[in-house]
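Engineer: Shown below is the structure under consideration.
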Amino acid sequence: MSIVILRVAAALYACATAAYIVYFARPRHARLATAGAALLGVGFLVHGAAIGVGCAEFGGNEFFSLRGGVALMVFLVAGGYLLVQRFYRLPTLGAFITPFILIMLLPALFGTPGNPELPPETLRRPSLTLHIMTAVGGVAIFAIAFGAAVMYLLQEREVKGKKFGALFLRLPSLDSLDKLVQRLVRLGFVVYTVALVAGTIVATQIWKSAWSWDPKQITSVVVWLLYGILVQLRHNGWHGRRYALLTLAGFVLVVGSMVTLKVVPGVTRHAGDYGANAPTELRP
Amino acid sequence: MSAREVFLVGLSHKSAPIDVRERVALTGDALRDAIADLRNADGVHEALVVSTCNRVEVYVQAGDDAAARRFFTSRSPQSGDHLYVKGGVEAVRHLFRVSSSLDSMVLGEQQILGQVKEAYGIASAAQAAGTFFSRLCNRAFATAKRVRTETDIGRGTTSMSQVAVELVEKIFGDLKGRSILLAGAGKMGALSAKALASLGADRILVTNRSPERGAALAEQVNGHFRDWAELQDLLAEADVAIVSTGAPTYVLTREMLAKAMKARRHRSICLIDLAVPRNVDPACAELSDVYAYDVDDMQNVVQSTHEARRGEALRAEAIVEAEVMAFARERETRAALPVLVHLRRRAEAIARQEAERTLARVGAKLDDRGRRSVEAMAQAIVNKLLHPPTARLKEAAASGDGALAGAVAELFGIPAADPGPRDAPATAAAGREAAPASADRGDTEQPARAGGPLERQPTR
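So the protein sequences, as listed, match chains A and B.
Okay, so the first sequence: first residue is 1 according to our numbering, each after it adds one.
Okay, so the second sequence: first residue is 1 according to our numbering, each after it adds one.
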């Protein structure tokens with residue numbers, strides 16, 4: 001059932017993407033941007049319903065699989081973008097975010113969802129819910145920052161290269177993109193920090209050890225450090241191109257590690273492989 | 001179109017040199033007086049005068065263009081050699097093109113529409129522009145709006161200082177809380193600094209080798225003068241640097257910028273070099289977050305704007321053409337309506353007469369309902385009979401075919417006033433039949449009103 005609702009949400013996202021892209025090509029039709037935002041909003045709500053129904057169906061387990069996790073992240077990216085566009089008038093950002101949402105969601109639309117074999121009761125604790133929500137939320141915010149950084153670099157190339165083409169006219173000013181990237185990085189870092197703290201609590205409770213050299217833990221800390229450095233650099237007055245490039249690198253690392261750790265079987269004790277790899281440790 | 005034709009007599013930057021244009025150009029009260037004179041001239045029904053620094057154009061709805069020509073020749077005898085005269089659809093097209101900025105010196109510039117609107121306002125206030133010009137001008141404004149929204153003719157920047165503003169906007173958004181550095185006392189520099197100040201810059205810092213000229217310039221642009229020796233520090237402070245000194249060498253070198261960027265922690269800086277020979281080392285642009293532009297770069301933007309606008313002008317012309325045709329068709333339709341009014345009026349009069357005659361003879365034998373039936377029958381015959389020709393006439397008129405209306409007028413012996421051939425003199429038409437359709441200034445308004453019931457009846 002949830003997969004059907006999810007497909008409806010994906011269709012709405014596709015329409016929003018189309019509206020934003022056409023808007024990007026023909027910025028004179030400002031209504032397209034409004035339509036894109038509205039479609040994205042409805043898609044977001046439907047997606048929320050899909051997640052709700054999915055939780056009822058599979059007990060929240062699907063978030064432990066790559067497809068479920070990605071679907072949740074995409075959900076938060078959409079919500080995050082809807083929030084951003086309330087405060088910043090940057091409709092062109094939609095043309096960068098919505099295709100990303102759509103592409104990330106595509107794999108989740110096929111195959112059977114969830115993993116009904118794994119309802120580890122020990123995992124049902126608030127700290128874990130917080131850990132998952134903030135981790136995915138932080139990554140979602142980093143994703144939007146990534147989109148804004150891509151826009152920054154594209155616009156930077158236009159402005160620097162004196163081309164003044166179609167992109168030059170459509171993209172917002174470098175300064176507004178720079179500020180947006182910086183704010184998103186800062187916010188994402190805060191949320192991600194909460195995720196690490198919650199994760200440590202969960203690990204202490206379930207694995208009896210806060211740190212177990214799990215690859216997921218290592219990459220998470222690396223990502224956290226990287227974004228922490230970004231926040232600190234900004235504090236020291238770093239601006240411009242280098243900052244955007246680092247933001248880009250940070251997100252590539254996030255997505256790269258996420259995918260790698262999911263694709264290589266048994267490499268981490270996190271997520272869906274958890275029960276299969278360490279069933280004995282589960283029992284307190 | 002009616003017997004009174006619209007005529008345009010005018011001269012513009014394309015046809016006349018400035019010394020002729022300035023002699024006939026009018027503003028304020030002089031313009032109002034001139035319009036009143038035109039309006040009172042013999043044979044002139046309505047008048048409109050568009051007078052800007054690039055053109056003076058007189059539009060009249062009149063029997064001929066004599067009065068409009070006199071407007072020019074009485075003010076400057078030699079203007080006669082530079083005049084262009086257009087009539088009918090040509091004149092309509094011209095006004096639409098002018099309003100849409102297709103005839104402007106700078107293609108796609110935005111001021112002309114406001115100027116035509118103002119001209120219409122003045123003519124309207126002077127009671128010189130009536131229903132015809134109201135309709136014509138509104139259509140012209142609508143056309144201009146369509147052109148502006150449906151094409152990119154108004155897009156891009158056409159002057160160097162505007163280019164500078166646009167570049168800075170794309171880098172900084174606005175300049176709130178930022179400062180502009182003006183180095184050197186070149187004239188273009190001061191102009192650009194002023195244009196940039198419109199983006200809300202906090203301060204303009206001025207520096208110059210000669211302190212006297214620098215201080216004077218600072219006063220002129222409302223800035224603060226700083227000593228030339230501070231240039232390096234100023235680069236760390238300002239976000240936009242406009243450089244236009246007379247120096248034959250690079251005033252800003254790569255080393256200076258590299259140092260400044262370090263101090264700025266790579267906050268972006270925009271360098272605008274307006275000097276020839278150049279004052280900013282092109283190698284500065286290699287540094288990250290330094291955006292440097294010279295005169296050529298800015299000129300290229302202006303050039304490409306002009307090219308793009310020329311391309312868009314083709315699309316704009318198509319819109320204008322469609323609007324001109326639509327306007328002409330509308331006029332034709334309106335022109336056909338008086339024939340219909342006459343035809344129906346006459347038919348209804350006959351029906352009424354015949355019904356009365358019948359009722360006078362047999363009415364006594366009928367009850368109320370019977371009498372109403374007789375009247376209704378007479379009306380029904382009229383409606384049924386007139387329905388197909390009414391529809392056909394409207395169709396023909398809408399497709400620009402005035403011949404059918406003429407034929408109907410001929411066939412039924414209806415005076416061929418407004419609906420008739422275009423060359424029929426208006427005065428003669430008004431004399432023959434004092435029909436509301438042709439008797440007064442509202443020649444286009446009234447048939448439309450009279451046409452109201454016509455449009456409803458046949459559907460009953």
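Glycine included, each C-beta is placed from N, C-alpha and C at the ideal position.
(1) Consider the Cβ of B:THR149: report whether some Cβ of chain A lies at a distance smaller than 8 Å.
(2) Within a Cβ cutoff of 7 Å, which residues of the same chain sit near B:THR73, ignoring the five residues on either side of it in sequence?
(3) Output yes or no for whether 8 Å exceeds the beta carbon distance between B:ARG392 and B:LEU411.
(4) Work out the CA separation of A:PHE251 and B:LYS117 for me, nearest whole Å.
(5) Under 9 Å between beta-carbons, which chain B residues line up against A:HIS239? List them in chain order, please.
(6) Do you know whose CA, among B:ARG213, B:LYS259, B:GLU212, B:TYR250, lies nearest B:LEU234's CA?
(7) Spatial neighbours of A:THR134 within its chain, please: CB distance less than 8 Å, with the 5 preceding and 5 following residues excluded, ordered by chain position.
(8) Can you tell me whether B:ASP423 is buried or exposed, with buried defined as 16 or more other CB within 10 angstroms of its CB?
(9) Please state if the CB of A:LEU184 and the CB of A:ALA148 are separated by a distance shorter than 8 Å.
(10) Output needed in chain order: residues of the segment 2 to 35 of chain A with a Cβ under 8 Å from some Cβ in chain B.
(11) So, using beta-carbon positions, are B:ARG55 and B:LEU11 closer together than 8 Å?
(12) Pick out whichever of B:GLY406, B:ALA322, B:ARG39 has its Cα sitting closest to the Cα of B:TYR59.
(13) In angstroms with no decimal places, state the Cα-to-Cα distance between B:ALA129 and B:THR157.
(14) Report yes or no: is there a C-beta of chain B within less than 8 Å of the C-beta of A:PHE164?
(15) According to DSSP, is B:ASP103 helix, strand or coil?
(16) Would you kindly check if the distance between the Cβ of B:GLY184 and the Cβ of B:LEU205 is under 8 Å?
(17) What is the DSSP secondary structure of B:LYS86, counted as helix, strand or coil?
(18) Just to confirm before moving on: does the CB-CB distance between A:GLY79 and A:PHE44 stay below 8 Å?
(19) Excluding sequence positions up to five away, which residues of its chain have a Cβ less than 8 Å from the Cβ of A:ILE201?
(20) Any C-beta of chain A sitting closer than 8 Å to the C-beta of B:VAL106?
(21) Alpha carbon to alpha carbon, how far is B:VAL408 from B:PHE133? Give it in angstroms, no decimals.
(22) Considering B:VAL163, what are the terminal residues of the alpha helix (DSSP H) in which it resides?
(23) Going by alpha carbons, who is nearest to A:ALA35 out of A:LEU233, A:GLY228, A:ALA14?
(24) Indicate whether A:HIS239 and B:SER268 have their beta-carbon atoms separated by less than 8 Å.
(25) Let's test the definition: count the other Cβ atoms within 10 Å of the Cβ of B:ALA349 and tell me whether it reaches 16, buried, or not, exposed.
(26) Does B:ASP297 have its Cβ less than 8 Å from a Cβ in chain A?
(27) Does the beta carbon of A:SER173 sit closer than 8 Å to a beta carbon anywhere in chain B?
(28) DSSP on B:THR207, reduced to helix/strand/coil?
(29) Which residues of chain B have a Cβ atom closer than 8 Å to the Cβ of A:SER257, listed in chain order?
(30) Who pairs with B:ARG139 in a beta bridge, going by DSSP?
(31) In the structure shown, what three-state DSSP assignment does B:GLN127 receive?
(32) For A:CYS15, which residues does DSSP report across the bridge?
(33) Should the segment 264 to 283 of chain B be regarded as contacting the segment 309 to 327 of chain B, the criterion being three or more beta carbon pairs within less than 8 Å?
(34) Round the Cβ separation of B:PHE7 and B:ALA68 to the nearest angstrom and send it over; I've been treating them as touching at under 8 Å.
(35) Measure the alpha-carbon distance for A:SER209 versus A:PRO215 and round it to whole angstroms.
(36) When the distance is taken between beta carbons, is B:VAL324 closer than 8 Å to B:PHE71?
Structural biologist: Reading off the structure:
(1) Taking the second sequence and counting its residues from 1, one reaches residue 149 of chain B at position 149. At least one chain A Cβ lies under 8 Å of B:THR149.
(2) For the purposes of this step, residue 73 of chain B is taken as the residue at position 73 of the second sequence. Excluding sequence neighbours, B:THR73 sits near SER79, GLY80.
(3) Here residue 392 of chain B is taken as the residue at index 392 of the second sequence, counted from 1. Here residue 411 of chain B is taken as the residue at index 411 of the second sequence, counted from 1. No. Outside cutoff.
(4) As a working mapping, residue 117 of chain B is identified with position 117 in the second sequence. As a working mapping, residue 251 of chain A is identified with position 251 in the first sequence. Going from the Cα of B:LYS117 to the Cα of A:PHE251 covers about 55 Å.
(5) By one-based count along the first sequence, residue 239 of chain A stands at place 239. The answer, in chain order, is ARG264, ARG265, HIS266, ARG267, SER268, ASP289.
(6) As a first step, residue 234 of chain B is located in the second sequence; it is residue number 234 there, counting from the start. Of the candidates B:ARG213, B:LYS259, B:GLU212, B:TYR250, the one whose C-alpha sits nearest the C-alpha of B:LEU234 is B:LYS259.
(7) Here residue 134 of chain A is taken as the residue at index 134 of the first sequence, counted from 1. Contacts found: VAL191, TYR192, VAL194, ALA195, ALA198.
(8) On the second sequence, position 423 is the one that residue 423 of chain B refers to. Residue placement at B:ASP423 is poorly supported in this model, since its pLDDT is 37, which falls under 50; the coordinates still yield a value, given next. Exposed.
(9) Counting from 1 along the first sequence, the entry for residue 148 of chain A is found at position 148. Counting from 1 along the first sequence, the entry for residue 184 of chain A is found at position 184. For A:ALA148 and A:LEU184, yes; Cβs fall inside 8 Å.
(10) ARG28
(11) As a position in the second sequence, residue 55 of chain B is number 55, starting the count at 1. As a position in the second sequence, residue 11 of chain B is number 11, starting the count at 1. Taking 8 Å as the Cβ cut-off, B:ARG55 and B:LEU11 qualify as a contacting pair.
(12) In the second sequence, residue 59 of chain B corresponds to position 59, counting from 1. Checked all of B:GLY406, B:ALA322, B:ARG39; the closest Cα to B:TYR59 is B:ARG39.
(13) Against the second sequence, residue 129 of chain B aligns to sequence position 129. Against the second sequence, residue 157 of chain B aligns to sequence position 157. The alpha-carbon atoms of B:ALA129 and B:THR157 are separated by roughly 35 Å.
(14) Reading the first sequence from its first residue, position 164 is the one you call residue 164 of chain A. For A:PHE164, the answer is yes, since a Cβ of chain B falls inside 8 Å of its Cβ.
(15) Walking along the second sequence from the start, residue 103 of chain B turns up at place 103. Coil, per DSSP.
(16) As a first step, residue 205 of chain B is located in the second sequence; it is residue number 205 there, counting from the start. As a first step, residue 184 of chain B is located in the second sequence; it is residue number 184 there, counting from the start. Cβ distance not < 8 Å, so B:LEU205 and B:GLY184 don't count as in contact.
(17) Mapped onto the second sequence, residue 86 of chain B falls at position 86. Residue state, collapsed to three classes: strand.
(18) Position 79 of the first sequence holds residue 79 of chain A. Position 44 of the first sequence holds residue 44 of chain A. Against a cut-off of 8 Å, the Cβ pair of A:PHE44 and A:GLY79 comes out as a contact.
(19) Numbered from its first residue, the first sequence carries residue 201 of chain A at position 201. So the qualifying residues of the chain are SER127, HIS131.
(20) Residue mapping note: residue 106 of chain B aligns to position 106 of the second sequence, counting from 1. Chain A contact via Cβ: absent.
(21) Taking the first residue of the second sequence as 1, we reach residue 133 of chain B at position 133. Taking the first residue of the second sequence as 1, we reach residue 408 of chain B at position 408. The alpha-carbon atoms of B:PHE133 and B:VAL408 are separated by roughly 29 Å.
(22) Looking up residue 163 of chain B in the second sequence gives position 163. Where B:VAL163 is concerned, the enclosing alpha helix (DSSP H) stretches over 160 to 172.
(23) The residue labelled residue 35 of chain A in the question sits at position 35 within the first sequence. Selected option, being the one with the closest Cα: A:ALA14.
(24) Counted from its first residue, the first sequence places residue 239 of chain A at position 239. Counted from its first residue, the second sequence places residue 268 of chain B at position 268. Contact flag set, yes.
(25) Here residue 349 of chain B is taken as the residue at index 349 of the second sequence, counted from 1. It counts as exposed.
(26) Here residue 297 of chain B is taken as the residue at index 297 of the second sequence, counted from 1. Chain A contact via Cβ: present.
(27) Position 173 of the first sequence, counted from the first residue, corresponds to residue 173 of chain A. Taking Cβ atoms only, chain B reaches closer than 8 Å to A:SER173, which makes this a yes.
(28) Within the second sequence, residue 207 of chain B is the residue found at index 207, counting from 1. B:THR207 falls in the strand class under three-state DSSP.
(29) Within the first sequence, numbered from 1, the residue matching residue 257 of chain A stands at position 257. The premise fails here: A:SER257 is roughly 28 Å from chain B at the closest Cβ pair, so nothing lies under 8 Å.
(30) In the second sequence, the residue the question calls residue 139 of chain B occupies position 139. Paired residue(s): none; B:ARG139 is not in a bridge.
(31) Taking the first residue of the second sequence as 1, we reach residue 127 of chain B at position 127. Looking at B:GLN127 - three-state DSSP - the assignment turns out to be coil, as it is neither helix nor strand.
(32) Within the first sequence, the letter at position 15 stands for residue 15 of chain A. Its beta-bridge partners do not exist; DSSP assigns none.
(33) no
(34) Within the second sequence, the letter at position 7 stands for residue 7 of chain B. Within the second sequence, the letter at position 68 stands for residue 68 of chain B. At roughly 6 Å, the Cβ-Cβ gap stays under 8 Å, so B:PHE7 and B:ALA68 are in contact.
(35) Working through the first sequence from its first residue, we reach residue 209 of chain A at position 209. Working through the first sequence from its first residue, we reach residue 215 of chain A at position 215. Looking at the two C-alpha atoms, the distance is approximately 15 Å.
(36) Within the second sequence, the letter at position 71 stands for residue 71 of chain B. Within the second sequence, the letter at position 324 stands for residue 324 of chain B. No, they are not a contact pair.
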